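The structure appears below as structure tokens.
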Amino acid sequence: MDQQAKEQLIHAVATAIFDHAEELTALDQAIGDGDHGINLKRGFEAVVAELPGLATKPWPDLFKAAGMAMVMKVGGASGPLFGTFFLEFGKTIGAEPDHAAVVSAFSRAIEAVKSRGRSEAGQKTLLDVLVPVGIVMSDGGDAQAIKAEAIASAERTVPLKAIRGRASFLGERSIGHMDPGARSSSLIIVAAVDALKNQGLLQ
Ligand code: ADP
Ligand code: MG
């Protein structure tokens, strides 16, 4: 992927977060402290501020820089978790990734998030999107299948009771709301998949 394509990909993901920052904040107002949209917007602003230089970097360095920006700028519980995801993804992806490399980097990154968050799928967190999307990817799902799973899995957090993160303080009252981190993860995945599809890199 050339520099321009990498830049487009980063812009697409950042724009998805900017366009939905208020929605993410509203979701976090319902079961958290109402900062998730603001947190992620700040993080992706920092990533975009590193363009175009960031897009000249090979994948491992690009994801390392993006992960560091997440850790430093997003804050909250989600900053270190998204940061961990990108940092670990960058460690595994390699400079010229094929489909198998992306699947394996995604899976390693999920494991790193689980250990960082002491969490697993089913606890009403971003893992409830990352884990099922990882399965669709490793099963060879196409762009449409990956996007559909990202959206559906975020919806499936609505009836869950939060076991991790700030929402867990609400206990049963966390039921009936979509998890903000699950929603933001699905937005990032959908935007990335659309960008890769437009570039002809994904069917
Ligand atoms: P904070 O909760 O510190 O205000 P954010 O609002 O930015 O941070 O992010 C909240 C999101 O972080 C939640 O919706 C959830 O998806 C995710 N999250 C919180 N704690 C954990 C955890 N231990 N493991 C996985 N994800 C978590
Ligand atoms: Mg919050």
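Add 6 to the 1-based position in the sequence shown for this note's numbering, that's all there is to it.
Ideal Cβ positions, reconstructed from N, Cα and C, are used throughout, including at glycine.
In this text the structure is predicted, and so the values were computed from the model without any measurement.
Nearest-angstrom Cβ-Cβ length linking residue i and residue j, presumed shorter than 8 Å
i             : j             : result
lysine 70     : glycine 49    : About 15 Å; that fails the 8 Å criterion.
aspartate 145 : threonine 163 : The Cβ separation is near 21 Å, so there is no contact.
leucine 46    : valine 80     : 6 Å
methionine 7  : leucine 207   : 7 Å
leucine 4     : glycine 123   : Because the chain in this structure spans residues 7 to 209, residue 4 falls outside the shown range and cannot be described.
Whether residue i touches residue j by CB criterion (8 Å)
i                : j              : result
alanine 52       : alanine 75     : yes
alanine 198      : leucine 15     : yes
glutamine 4      : alanine 11     : Residue 4 falls outside the range modelled here, since the chain spans only 7 to 209, and no answer is possible.
arginine 189     : leucine 33     : yes
threonine 98     : alanine 111    : yes
glycine 171      : alanine 83     : yes
histidine 42     : glycine 140    : no
tryptophan 65    : alanine 101    : yes
alanine 151      : valine 142     : yes
leucine 193      : alanine 18     : no
valine 137       : isoleucine 157 : no
valine 196       : lysine 153     : yes
phenylalanine 92 : alanine 72     : yes
Extent of the continuous alpha helix (DSSP H) to which residue i belongs
i              : result
methionine 143 : 133-144
glutamine 14   : 9-25
arginine 170   : Unbroken run through arginine 170: none, as it is neither H nor E.
threonine 90   : 84-99
isoleucine 3   : The structure shown does not extend to residue 3, since the chain spans only 7 to 209, so no value can be given for it.
leucine 208    : Segment: none, leucine 208 is in no alpha helix (DSSP H) and carries neither H nor E.
leucine 46     : 42-55
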